[in-house]
Every structure is written in C-alpha cells, then in structure tokens.
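A.B. asks: Pasting a structure here, questions to come.
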Amino acid sequence: MKFMLNNTRLNILLVALLIIAAGIISLPVTLSTFAQTSSGGMKKTTNGGALDVLLQPSPQPIANKGQTSFKVTFLQKGTDKVEPHIDYDFVIMNGKKQVFEASQLAGQPGKPLHTAEGIVTIPYTFQSPGDYLVNIMVYGILFNPIRPESAEYSFKVTP
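So for the sequence shown, this note's numbering puts the first residue at 371; every next one is plus one.
Laid out in structure tokens, this is it:
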C-alpha cells in the first residue's frame, strides 16, 4: 500500500512538472518587436504582414570568435507551418554600414535568392563586436512576386 501511494505521488508530481514545462515552452517572451522562442530564435512578422520569419542564430551568444550560422525559417503568418518557395535576401548591417549581403555572396547582388524548402541557413563570421542588424527581405511567395517586405532583428555581438 505504501509503495502504491508513493507511485501515485510520483505520478502526480511528474504530470504537474510536464504541465508546467509545457506551459513554459509554449509561452513566447514578447520583446519590443519580436518574440523570443524557446529555441533561442526570434520570430517576427514582416512589415507588410505576409509572413512570419523565424531567425535562429547559433551558437548563442553571438561572438566574433568563429562562424555564426543564421537559420531562417519562413512561416505562414500566425502559424508554425513552413512556407515553401520564398524569394528573399539576407543583409547584415553594422550601424549604417552593410557588412554582408547573401545575394552578393551568391554572385547576384540585388537579385533575390530562392529557397524551395522555406528554410535556409546562412553562415557569417563577425569581424568585431558591437551592435548589428539583420534585415531579411521577402520578394516572392510560392512563385508569386509581392511588394517587398522585411523583418529586422537587432542583436549584440560579444568579444
């Protein structure tokens, strides 16, 4: 009888912990213009409202000691469903100075890149610490051009 009571208490405790953990994981922490996700990513709706864009830099915190990978996931607005076939560009700014443009690296500056899967990972190595801005521009969805929209993310690079 004592063993069953302990198992019952243990089961109740485990269920309570699972409920608490599920609540914590599913609640995004809202920051000024984007939501921080449990994965360390930042989710933001484009300025025209067409898509949500999830930006997940890795490793965290971002430092200028090695390469940073930026995983970009284009999502149907208000969902976690990936939107395929996106025409986009990815720009990193340090102050007013552009330090990286994905389309330029691909040999077609100013022309949109395309992701069939709706998910892309972009590597970049920061040369110095400081305040940076990532601007992700969207030019087309499902092979249909749209009026360009963007999602901007600001962050600090540590030494």
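Beta carbons: idealized from backbone N, C-alpha and C, even for Gly.
Keep in mind that this is a model prediction, so the values were computed, not measured.
DSSP on Leu498, reduced to helix/strand/coil?
C.D. replies: Here the question's residue 498 lines up with position 128 in the sequence shown. Checking the displayed sequence, the identity of residue 498 turns out to be Ser instead of Leu. Coil, per DSSP.
A.B. asks: Counting only C-beta atoms, is Asn464 closer than 9 Å to chain C at any point?
C.D. replies: Chain labels in this structure do not include chain C; a single protein chain is all it has.
A.B. asks: For a test of the three-state rule: what should DSSP assign to Ala433, helix, strand or coil?
C.D. replies: Here residue 433 corresponds to residue number 63 of the sequence shown, with the count starting at 1. In the structure shown, the three-state DSSP call for Ala433 is strand.
A.B. asks: Taking the beta carbon of Gly419 as the centre, do at least 16 other beta carbons fall within 10 Å, making it buried, or is it exposed?
C.D. replies: Here residue 419 is taken as the residue at index 49 of the sequence shown, counted from 1. Its Cβ having fewer than 16 others within 10 Å, Gly419 is exposed.
A.B. asks: Does the pairing of the segment 477 to 492 with the segment 449 to 469 give three or more beta-carbon distances under 8 Å?
C.D. replies: yes
A.B. asks: How big is the Cα-Cα spacing for Gln426 and Leu512?
C.D. replies: By 1-based counting over the sequence shown, the position of residue 426 is 56. By 1-based counting over the sequence shown, the position of residue 512 is 142. Cα-Cα distance, rounded: 23 Å.
A.B. asks: Out of Gly510, Leu424, Lys414, Asn505, point me to the one whose CA is closest to Ile464's CA.
C.D. replies: Locating residue 464 in the sequence shown gives position 94, where the first residue counts as 1. The sequence given here has Asn at residue 464, not Ile. The option with the nearest alpha carbon to Asn464 is Asn505.
A.B. asks: Using a threshold of 9 Å, state whether the C-beta atoms of Gln474 and Asn434 are closer than that.
C.D. replies: For this step, residue 474 is matched to residue 104 along the sequence shown. For this step, residue 434 is matched to residue 64 along the sequence shown. In this structure, Gln474 keeps its C-beta atom at 9 Å or more from the C-beta atom of Asn434.
A.B. asks: What first and last residue would you give for the beta strand (DSSP E) that runs through Gln478?
C.D. replies: Indexing the sequence shown from 1 puts residue 478 at position 108. From DSSP, Gln478 is part of no beta strand (DSSP E); its letter is neither H nor E.
A.B. asks: In the DSSP assignment, the beta strand (DSSP E) including Glu471 goes from what residue to what residue?
C.D. replies: Here residue 471 is taken as the residue at index 101 of the sequence shown, counted from 1. That run of the beta strand (DSSP E) goes 467 to 471.
A.B. asks: Which value, in whole angstroms, describes the spacing of the CA atoms of Val469 and Ile462?
C.D. replies: Taking the first residue of the sequence shown as position 1, residue 469 is located at position 99. Taking the first residue of the sequence shown as position 1, residue 462 is located at position 92. Taking the straight line joining both Cα atoms gives about 6 Å.
A.B. asks: So, at 8 Å on beta carbons, what are the nonlocal neighbours of Ile489 in its own chain, with the 5 sequence-adjacent residues on each side left out?
C.D. replies: Translated into positions along the sequence shown, residue 489 becomes position 119. The answer, listed in chain order, is Lys441, Val442, Thr443, Phe444, Val452.
A.B. asks: Output yes or no for whether 9 Å exceeds the beta carbon distance between Thr438 and Thr528.
C.D. replies: Numbered from its first residue, the sequence shown carries residue 438 at position 68. Numbered from its first residue, the sequence shown carries residue 528 at position 158. The Cβ-Cβ distance between Thr438 and Thr528 does not fall below 9 Å.
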